[in-house]
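Everything below concerns the one structure shown next.
Numbering (my numbering), first residue to last: 160 to 1424.
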């Protein structure tokens, strides 16, 4: 009997007398083939399988003819593609994948991957790294590519000139970090002499599959394997999460970044998914038809999964099994873990059915009957978990075992030997693949799932069930304090358990399954909290506690106000964690990752903090604008050009000031050491040293260039000639020449030794902002206000290219270290990457929300940094153009960025006089639970206070659970920014106004869209319900206020009178009046019934942005662009108070429910709480990195809660308490934050905190002894 799965995972069975022969191999793409036991001697079966596999191997006797050996290798490869049913079926269903830039969004630019590889093979590049998540189809594509390349090889007239494709699955080699090619060719039967001949006379394409699955990934892979000794193109595939920071340099020859290329597999397109579904329905005889699948797959939870080929296959198989609800939208069923769970159950369920129809030996039948009685499926899953754990503990994916094998292989005997009937039955029916004596799960993600499952089962088993409530669906609990405080002694702990032995902190794959599970399972949530809590009193649970806290933080759990005193979590990853007002005294945080952590008002007194990482260094504070910054060639010195005409020089070892160079009479716009120009020191407002490091150059608004002795600080030369401000200076790589750019529209080239003028380059039609030499020194690039980049020949001064494309002033230009690429930054908010030789545009990098002032390449050339008026530094992949990281922390415009020569540090200077220092290798501030992805424009509580709504520039409305911060619904439908959200008085409906000129009405319970109100001809800025809920008002950029019938969506009135944009509308508590605020500086009060204008309130000197009635309806408040809040008497229109204190636009005003307080949010990044009676400011909340666009207020159990929405993308809930005579704001929960927050953090007596970190924390407002 022979049994396997066809392409659609259906059983195909052939029966023969006495033997079930199932040779199996798996792949990372398909799940096709299955083992099971036989009624004959299993030793015989194993022997037959070994013989069959051996027969497929080449003759190991060296062949005299090299061509014959190559042909044998080709036949062997093609034979495996046919004999292995998994691979054969995968290739028969092959869908050509698409690629995308590494790190780019799925909705971005895509390309045909095969075409991309063809271009690579025709180029002078040597290494192509193909990245993709587990199950994305990397291995299937690699096998397909190798097969096509072998076909091309066969068609070649002169085979000795054609590249030979060689596919190598790295996990099949003993040590793929030590000369893997020699090992592979030896196993293929080539002699030592033949291998030498191959290396010397043939050209290759090496396709190395599964880099992420090997050990010792930290090694320099390309160099260690001597890949540079072969004339070869190398294609390497890997999952990205296992590569580590700055991984690119492992894969190319030292110093040759230009020969390296990478891309990422894009998720399946809609067309590919549709085709796959049709094929599945056609061949698998599914219970569902195509339409039922399409309906179910429209669920948002599934949309995030099905772009992955392996997961799509799993989803199609298990969907009909999940409760047998066709098209079911049961969200709990549609998590990744639930799909894998059902897949495993289906797998073993089918295995059980097959075994019931097979003639087994007496002992096997007896064992099977017992397993079936006890639950065969659960036994199978348990076996899989145990085997997965064994592999995981060894950090391998493949177990090598054969009968009689000595040495380390015997440790697998418990799972792979034939001594026990139970083991045989479960192994042959588990989702494993076998190749010779190697066993592995059919897909790595299955191994990771079974490991995670084993861990959460283990954690749950520690619960004393009578004291811990059952699991229930939670969503993301952000505010965990109530659970933490109620946590009793409901768990038992054994230090010997797996969770305390494995390192989950550094494994994103297993971690992701646990993170998903903790968002659903209250038992698991409590178990993880219990591990953290028990570490207070036990030394032997540190690893488990660190694992637990890492998983909780990654799951979005926040520990605001929690008593965490004495917890021991060394090495945990708490990046982006939120611990507002937490008690952490005496805790062990040594070696923890604390990047962008929120520790505002937390107490860390006496805690262990040796080796903690914050991802940034203390900033340097100057008296004026930092226009430019540059490192010396050896990285030991850094110079800054300031707006007050001076140059500061610092030692980078301790960042102590060395020199202050004076002489310029105006702002220093550029300072330059001429480097061995790696590109990173030549941006506008840049600094750089001479190649020797002995000289420093500076350009100024006083129209001169000055040259300084770097050692003494003495002025050497003043170069005069420009007739207007000098904006940029740059040395040639040799140090013999200097270029300068000026407002006089010219670039001038000077002799650096004598100061004599060599050339004046004319052609720009507006001022020149930036100049840079190419690394060869043969070319100079200049960026100008005329919106072009120009490339000049240094020798002749002739114009070589004019690069046009920017739509506004070009402010900064920089060459890559190789000289092959050029970057430019512009007021059009983009960075553009150009081919330096042809002048062709390669990429347009979009993401900054304001001018780009500076660009710089990393020394390796793999990364580009840009500094912007939007106060951020962004890091981009130079090859793909993808955004890698956003570094937030500046409080004013960023004017200059520069990499240190080692590439380990980035310096950025700003308008506010600060220079921030970032650790380039750990600049990642990522998190999986961000919430809104753009500015939050509007927030509001539901009438019950149990739910809240938020609107955002990301075009969505989101509904949240008010207490926990769990996301309930994401409402999609608007096609542009959402500006305003509001609940109906009954709480059953939510209205939203958008820049798409519409108002949408949503069902608050289901999230379904009810009505779309059209009529406004410009953006809808504000929406509000009448107190009865019968009417709705909207204000718009079309200067109109419109009143609508809420039930039908019918337009009732159009209120005209404002002469500019209407920003805000609100009903009076009685519902008889409507107020509107406008950029025409007025507040207008209208009669709601008739639409007649009642009052026009004047007093603001700039536009009115927000209006609100007091709860009594007797008073009215308005917030304005004139930075004030004004309180008015409604009846008379008399001004009562003008509240001053904000330093920028007041965007939002709201009364407390009792009417005695008022809160205001402002573009100055603060919330102010005012006493209405006196107008006094009671509290300022200033923990924002963006404008506060919206505030809301509620009372619950006599406690005051504020809600804030900000341009920093955050939604935050605050509890406002009166502590003594002062008001205190404690964070309840927050969605996203991306910066380090340590204001008023207590750090007295901390142990091991470095001096640099102490300085950093003190700068950010922490209190150190």
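From the three backbone atoms N, C-alpha and C, an ideal C-beta is built for every residue, glycine too.
* Rounded to whole angstroms, how far is the Cβ of residue 398 from the Cβ of residue 539, which I believe are closer than 8 Å? -> In fact, because the Cβ distance is near 27 Å, the residues do not count as touching under 8 Å.
- Item | 7 Å CB neighbourhood of residue 725 in its chain, flanking five on each side removed | 695, 745, 746
Task: CB of residue 1011 within 8 Å of CB of residue 1027, strictly - done: yes
Candidates 917, 913, 437, 945: closest to residue 923 by CA position: 945
Point to revise | Nearest to residue 994 (by Cα), restricted to the options 781, 811, 948, 1358 | key: 948
Original post:
Should residue 593 go down as buried or exposed, given a rule of 16 or more other Cβ atoms within 10 Å for buried?
Top reply: buried
### Task
In the DSSP assignment, find the alpha helix (DSSP H) that holds residue 311 and state where it starts and stops.
297 to 314
Exercise for the section: Report yes if the CB atom of residue 759 is closer than 8 Å to the CB atom of residue 1399, and no otherwise. Expected result: yes
Taking the alpha-carbon positions, what's the residue 628 to residue 1256 distance?
With a pLDDT of only 44 at residue 628, under 50, the local geometry of the prediction cannot be trusted, and no value is derived from it.
>> Tell me the rounded alpha-carbon separation between residue 673 and residue 503.
In response: 17 Å
**Report entry** residue 1331 to residue 1314 span [Cα, whole Å]
**Finding:** 8 Å
Quiz item: Where are the beta strand (DSSP E) runs, 3 residues long or more, that stay fully inside the stretch 313 to 392, in chain order?
Solution: 323 to 328, 362 to 368
- Message: Per DSSP, what are the beta-bridge partners of residue 1326 in this structure?
- Response: 1320, 1340
- Message: Please report the straight-line C-alpha distance between residue 1402 and residue 1023, rounded to a whole angstrom.
- Response: 36 Å
- request: Report yes if the CB atom of residue 797 is closer than 8 Å to the CB atom of residue 1055, and no otherwise.
  value: no
Do you know offhand how far residue 288's Cα is from residue 282's?
15 Å
Once you ignore the five residues that flank residue 1104 on each side, which residues in its own chain have a CB closer than 7 Å to its CB?
1121, 1353, 1355
**Asked** Can residue 753 and residue 767 be called in contact, C-beta distance under 8 Å?
**Response** no
For this session: Measure the beta-carbon distance from residue 1291 to residue 1277 and round it to whole angstroms, keeping in mind my assumption that it falls under 8 Å.
Result: Not really, about 15 Å apart at Cβ, beyond 8 Å.
Out of 1145, 1272, 876, 1168, which has the shortest C-alpha to C-alpha gap to residue 1128? 1168
message: With H, G and I counted as helix, E and B as strand and the rest as coil, what does DSSP make of residue 211?
response: Caution is warranted here: a pLDDT of 40 is assigned to residue 211, below 50, making its placement in the model unreliable, and no coordinate value can be reported.
Check your understanding: What span of residues does the beta strand (DSSP E) with residue 1066 cover, start to end?
Key -> 1064 to 1069
*Could you have a look at residue 868 and say whether DSSP puts it in helix, strand or coil?*
strand
Next item on the list: Would you list the one or two residues that DSSP bridges to residue 422?
Entry: 289
task = Look at residue 1093 and residue 1368 and say whether their C-beta atoms are less than 8 Å apart.
result = yes
Practice prompt. Over the uninterrupted alpha helix (DSSP H) stretch that includes residue 239, give me the two end residues.
Written response: 225 to 242
(request) Mind listing, in chain order, the continuous beta strand (DSSP E) runs of no fewer than 3 residues lying wholly within the stretch 749 to 829? (result) 775 to 780, 785 to 790, 796 to 801, 806 to 810, 815 to 820
Mind reading off the beta-carbon distance from residue 608 to residue 557? Whole number of angstroms is fine, and I expect it under 8 Å. The pair is not a contact, with the Cβ atoms about 18 Å apart (cut-off 8 Å).
(Q) Measuring CB atoms only, is the stretch 224 to 237 touching the stretch 401 to 421, in the sense that at least three cross pairs come out at less than 8 Å? (A) no
With DSSP collapsed to three states, give me the class of residue 1110. strand
Q) Rounded to a whole number of angstroms, what is the C-alpha to C-alpha distance between residue 188 and residue 1148? A) Reliability of the predicted coordinates at residue 188 is poor, the pLDDT of 33 falling under 50, and no value is obtained from them.
Which runs of the beta strand (DSSP E), 3 residues or longer, sit entirely within the stretch 902 to 979?
-> 905 to 910, 916 to 921, 927 to 932, 938 to 943, 947 to 952, 958 to 963, 969 to 974
> For the 8 Å Cβ check, are there 3 or more pairs between the stretch 1320 to 1340 and the stretch 1284 to 1303?
Replying inline: yes
Next item on the list: State the CB to CB distance for the pair residue 677 and residue 711, rounded to an integer number of angstroms; the pair is presumed to be in contact (CB under 8 Å).
Entry: 7 Å
Are there 16 or more other CB atoms within 10 angstroms of the CB of residue 919, so buried, or fewer, so exposed?
-> exposed
* So what does DSSP say about residue 1199, is it helix, strand or coil? -> coil
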